[in-house]
Amino acid sequence: MTETKEKAVLIDLGIVRIKEYDSLNVQIERLEEVHNPISKESSNKWRFKGYSDTILNALKLIVNKELLIDRNTANGLENYLKQVQEIHNKIMIALEGEKIDVPNR
1 MTETKEKAVL IDLGIVRIKE YDSLNVQIER LEEVHNPISK ESSNKWRFKG YSDTILNALK
61 LIVNKELLID RNTANGLENY LKQVQEIHNK IMIALEGEKI DVPNR
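Following full-length UniProt numbering, the numbering of the sequence shown begins with 1 at its first residue and continues without gaps.
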């Protein structure tokens with residue numbers, strides 16, 4: 001019987017996280033409400049959203065797929081732009097906390 005080792009969380013952005021996958025990739029997951037039709041219960045679970053070759057590319061994918069946007073409250077351009085700014089701030093804080101160097105453009 002083989003024991004599966006839990007992969008390390010590299011960056012936690014609240015409802016989205018980046019985890020180790022293997023030596024070549026990282027995995028992106030989002031915390032979502034999942035409904036079980038058999039038991040008729042709902043629970044929050046981490047759902048797979050994609051792979052990326054680097055942490056920086058994973059952060060770009062999170063932004064491009066708008067995984068941190070709450071679509072229920074983004075009812076207008078102003079609210080949407082406010083959420084985009086909050087996401088930018090969260091990512092910058094995560095990068096500073098992880099001490100990842102991001103090249104300037």
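No residue lacks a Cβ here, since even glycine has one placed at the ideal position from N, Cα and C.
Discussion item. Between the alpha carbons of residue 87 and residue 61, how many angstroms are there, rounded?
Written reply: 13 Å
Discussion item. Among the candidates 6, 95 and 70, whose CA atom is the shortest distance from the CA of residue 57?
Written reply: 95
Fill in: Nearest-angstrom beta carbon gap, residue 40 and residue 67 [assumed within contact, 8 Å]
Not a contact, Cβ separation roughly 27 Å.
Fill in: Cβ neighbours of residue 73 in the same chain (closer than 7 Å, five flanking residues each side left out)
79
Worksheet entry | Close beta carbons around residue 11, own chain, < 7 Å, minus the five adjacent residues each side | 17, 18, 55, 94 and 98
Worksheet item: Whole beta strand (DSSP E) runs in the stretch 20-49 with 3 or more residues, listed along the chain?
Response: 26-36
Worksheet entry | Close Cβ partners of residue 59 (< 7 Å) along its chain, the five nearest in sequence each way excluded | 91
Practice prompt. Kindly indicate which residue of 85, 47 and 38 has the alpha-carbon position closest to the one of residue 63.
Written response: 85
Practice prompt. Find the nearest neighbour of residue 46 within the set 76, 53, 20 and 15, judged by alpha-carbon distance.
Written response: 15
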